[in-house]
Amino acid sequence: MTSQKVLMVAEKPSIAVSIASVLSRGQMSTRKGATDVHEFNAMFLGFRAQYKVTSVIGHVFSVDFPAAYQDRTATDPLDLFQAQVVKSAANPKAHIPRHLSQEARGCTHLVLWLDCDREGENICFEVIECSGFTMNSRNGRVYRARFSSISEKDILKAMDNLVEPNRNEALAVDARQEIDLKVGVAFTRFQTNYFQGKYGNLDARVISYGPCQTPTLGFCVQRYLQISTFKPEKFWTLHPYIFQNGHEVKLEWERQKLFDVNVGMMFQKLVLEDGILDVTEISEKQESKGRPVGLNTVNLLKVASSALGFGPQMAMQLAERLYTQGFISYPRTESTAYPSSFDFRGTLAALVNNPTTGSYAEKLLSEGFQKPRGGVDVGDHPPITPVKSAKEDMLGIDAWRLYQYVCQHFLGSVSPDCKYIRTRVEFTIGGESFHCTGQRTVVEGFTYIMPWLGISEKNLPQFMKGEKLEVSKVELYEGSTSAPDYLSESELISLMEKNGIGTDASIPVHINNICERNYVQVQPGRKLVPTALGISLIRGYQCIDPDLCLPDIRSFIEQQITLVAKGQVEHSRVVQHVLQQFKQKFIYFVQQVINFLIFLRHCDAQVDMARSFWHK
DNA sequence: GCAAGGTC
Numbered sequence: 004m005t006s007q008k009v010l011m012v013a014e015k016p017s018i019a020v021s022i023a024s025v026l027s028r029g030q031m032s033t034r035k036g037a038t039d040v041h042e043f044n045a046m047f048l049g050f051r052a053q054y055k056v057t058s059v060i061g062h063v064f065s066v067d068f069p070a071a072y073q074d075r076t077a078t079d080p081l082d083l084f085q086a087q088v089v090k091s092a093a094n095p096k097a098h099i100p101r102h103l104s105q106e107a108r109g110c111t112h113l114v115l116w117l118d119c120d121r122e123g124e125n126i127c128f129e130v131i132e133c134s135g136f137t138m139n140s141r142n143g144r145v146y147r148a149r150f151s152s153i154s155e156k157d158i159l160k161a162m163d164n165l166v167e168p169n170r171n172e173a174l175a176v177d178a179r180q181e182i183d184l185k186v187g188v189a190f191t192r193f194q195t196n197y198f199q200g201k202y203g204n205l206d207a208r209v210i211s212y213g214p215c216q217t218p219t220l221g222f223c224v225q226r227y228l229q230i231s232t233f234k235p236e237k238f239w240t241l242h243p244y245i246f247q248n249g250h251e252v253k254l255e256w257e258r259q260k261l262f263d264v265n266v267g268m269m270f271q272k273l274v275l276e277d278g279i280l281d282v283t284e285i286s287e288k289q290e291s292k293g294r295p296v297g298l299n300t301v302n303l304l305k306v307a308s309s310a311l312g313f314g315p316q317m318a319m320q321l322a323e324r325l326y327t328q329g330f331i332s333y334p335r336t337e338s339t340a341y342p343s344s345f346d347f348r349g350t351l352a353a354l355v356n357n358p359t360t361g362s363y364a365e366k367l368l369s370e371g372f373q374k375p376r377g378g379v380d381v382g383d384h385p386p387i388t389p390v391k392s393a394k395e396d397m398l399g400i401d402a403w404r405l406y407q408y409v410c411q412h413f414l415g416s417v418s419p420d421c422k423y424i425r426t427r428v429e430f431t432i433g434g435e436s437f438h439c440t441g442q443r444t445v446v447e448g449f450t451y452i453m454p455w456l457g458i459s460e461k462n463l464p465q466f467m468k469g470e471k472l473e474v475s476k477v478e479l480y481e482g483s484t485s486a487p488d489y490l491s492e493s494e495l496i497s498l499m500e501k502n503g504i505g506t507d508a509s510i511p512v513h514i515n516n517i518c519e520r521n522y523v524q525v526q527p528g529r530k531l532v533p534t535a536l537g538i539s540l541i542r543g544y545q546c547i548d549p550d551l552c553l554p555d556i557r558s559f560i561e562q563q564i565t566l567v568a569k570g571q572v573e574h575s576r577v578v579q580h581v582l583q584q585f586k587q588k589f590i591y592f593v594q595q596v597i598n599f600l601i602f603l604r605h606c607d608a609q610v611d612m613a614r615s616f617w618h619k
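When we follow this note's numbering, the leftmost residue of the first sequence carries the number 4, and every step to the right adds one.
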């Protein structure tokens, strides 16, 4: 009897290695190709089988317009909405389609090990197309492996529960690709044609629009507008002072702020006339600051920007290198919960040779470490953790600093919580209430290894309830409300994540885009300051159609394609419906812009007439 | 050469 031949395809080479290692128990032979192919013999569905495990490198295809629409001077952007879209190799140099079709030859079964998300489901069908397999054919069968992590347990479990790939989820991605392409390119071509060199000094090669990049820019400009329209306001507050056991203590007012100096002076007089503070309440409460959950990509990017000064693009490049050199685990993950099978002891042991964090890792090993807090498991990859110890000269200064943070975060996540005692003393004087607070650390916990998160110690002298104290002075402090600062890159990342703009992998790309297109500039402290061009663009959308630069535009697309993913509405109906709406917006936008440009030309003509009149 | 999403 001839044996079965099984082809397995993963989303990236490293996953193919993991799957082949588990299923062959390490007994595989690897041969080079467009991507490596791992071969071995094992049982498959009760029969002896020859296995080949290989991978793609992300998407095999990407969508674009046919050649006829590529010449932007010869095409009306409005026609793009009803144009055909064609798929072509995402990376022609990699020759992935040819690789898949060659390896599939003679195979009786195809098992798809793509990442278990919508994009992965879409890549499943790209692989099916290249391999020549068809769903439900007699001579070859197609299976989908659904795995929640790349552990031996989950891989074997997925093998015992093979399912079919989900066509609807794949179609939802097709819908998004077509909508993003048509909307983005139509607006971008129109804007570039009409704004470039037309007026002002908005000189730029391309003036782009996109349902992710434009709301991203919108966040930066929104903050800029808050700053530029901010009107500072004076305020007053009372601070009584006392001397207790040789310490001067400044008290805070329950009313916090007043915006009228006369009322402030009245209260100051009341307090001074009384002159005696009554201690009405003393409370001590133990508070806890929780250790961090596992590190995911977005949180790594935020820390890299705010604490290490690395932009997201650079942070990902450094992380990628640390990953391929085996120092940290896979750096693209949404999960913050460690899998149940995670080897904490092994990871700690791997760090004991680290010059700076090694002794702390050793201490956790000998004295015991904590089970990490919950977090979320999205089922993609485990949180980002160190894998082996390193020294600075092995990595270079930047990679070393990022690696150090990954170590500190991991160690922090298996350390005790930080415990501290908060003391609050309440006073009354002249009918007004004041208080002071102190705090002291009881258990340092994870803040030992992440000292910047530590509790700032504030000691208070002893007080007794019912005690009466003489006030030493009563300050009427005059302050001024201040404008917020420019949006920091790490705040922007938080806003994007919260509003569903981009993914962990694409957030750095969008931020990089708005910088490279000269819409914002990164200033010291990684603050994002919009340029004249960026401000003009967003103000333009705000005048014509504010939806265009709001994050809801992305949520709307996501929500519509989810109907496809769930099989509730047909793919083509959703695409038509969404494109129809964007086409209306596009037409209105074009009309308004053209009217405005006509108006400007009219103004110029008036100015010219006035000039020639006065210069006669 | 314009979008956004994979991954390198």
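Backbone N, C-alpha and C define an ideal beta-carbon position, used for all residues, glycine too.
Taking C-alpha positions only, Q194 is separated from E181 by approximately 20 Å.
Annotation for F437: the continuous beta strand (DSSP E) segment containing it runs 435-446.
In this structure the region 321-332 touches the region 375-387; the number of beta carbon pairs closer than 8 Å is three or more.
No Cβ-Cβ contact shorter than 8 Å links F413 with L254.
M46: member of the beta strand (DSSP E) spanning 40-47, first to last residue. In this structure, K55 is the residue among L600, M268, K55 with its C-alpha nearest to the C-alpha of G36. V282 is a Cβ neighbour of E470, given a cutoff of 8 Å.
In the three-state scheme derived from DSSP, where H, G and I count as helix and E and B as strand, H605 is classed as helix. S104 is a Cβ neighbour of C133, given a cutoff of 8 Å.
Cβ atoms of P389 and V409 come within 8 Å of each other, at about 5 Å.
For the region 530-571, the continuous alpha helix (DSSP H) assignments of 4+ residues that do not extend past its boundaries occur at 535-547, 555-568, in sequence order. Segment contact: the region 510-525 against the region 312-327, three or more CB-CB distances shorter than 8 Å; contact assigned. Between the beta-carbon of T38 and that of I60 there is about 7 Å, and that keeps the pair under the 8 Å contact cut. Counting along the chain, the unbroken beta strand (DSSP E) around W239 starts and ends at 237-247.
The three-state reading of DSSP puts Y341 in coil, since its state is none of H, G, I, E or B. The three-state secondary structure of I597, taken from DSSP, is helix.
When secondary structure is reduced to three states using DSSP, C119 falls in the coil class, being assigned neither helix nor strand.
Here K15 has S58, V59, I60, G61 as same chain residues with Cβ atoms under 8 Å from its own Cβ, once five neighbours each way along the sequence are excluded.
Within the region 125-174, the runs of alpha helix (DSSP H) at least 4 residues long that lie entirely inside it are, in chain order, 155-163. About 15 Å separates the CB atoms of P69 and R192; that is not less than 8 Å, and the two are not in contact.
Counted as a single uninterrupted DSSP element, the stretch harbouring Y451 is not any alpha helix (DSSP H), since DSSP gives it neither H nor E.
Sequence-distant partners of A322 (beyond 5 residues in either direction) whose C-beta falls short of 6 Å from its own C-beta, in its chain, are P334.
Classified as exposed, G528 has fewer than 16 neighbouring CB atoms from the shown chains inside 10 Å of its CB. Comparing alpha-carbon positions, the option among T360, D82, T111 lying closest to K394 turns out to be T360.
For V581 and D67, the gap between their C-alpha atoms comes out near 18 Å. Between S6 and Q53, the CB-CB gap stays under 8 Å. Under the rule that a run must span 4 or more residues, the alpha helix (DSSP H) segments found entirely inside the region 218-300 read 264-277.
C606 counts as exposed, since fewer than 16 other beta carbons sit within 10 angstroms of its beta carbon.
A check of alpha carbon separations from S558 across G371, R179, T426, E460 identifies R179 as the nearest. In the DSSP assignment, L103 falls within the alpha helix (DSSP H) that extends over 99-107. Per DSSP, reduced to three states, the secondary structure at S491 is strand. Cα atoms of P554 and I541: separation of roughly 13 Å, rounded to the nearest angstrom. In terms of Cβ geometry, V224 and G537 form a close pair [threshold 8 Å]. For the options S575, E447, E251, the alpha carbon positioned closest to that of N171 is the one of S575.
By the Cβ neighbour-count rule, S362 is exposed, with fewer than 16 other Cβ atoms within 10 Å of its own. Scanning K461, G267, K305, H112 for the CA closest to the CA of E251 turns up K461.
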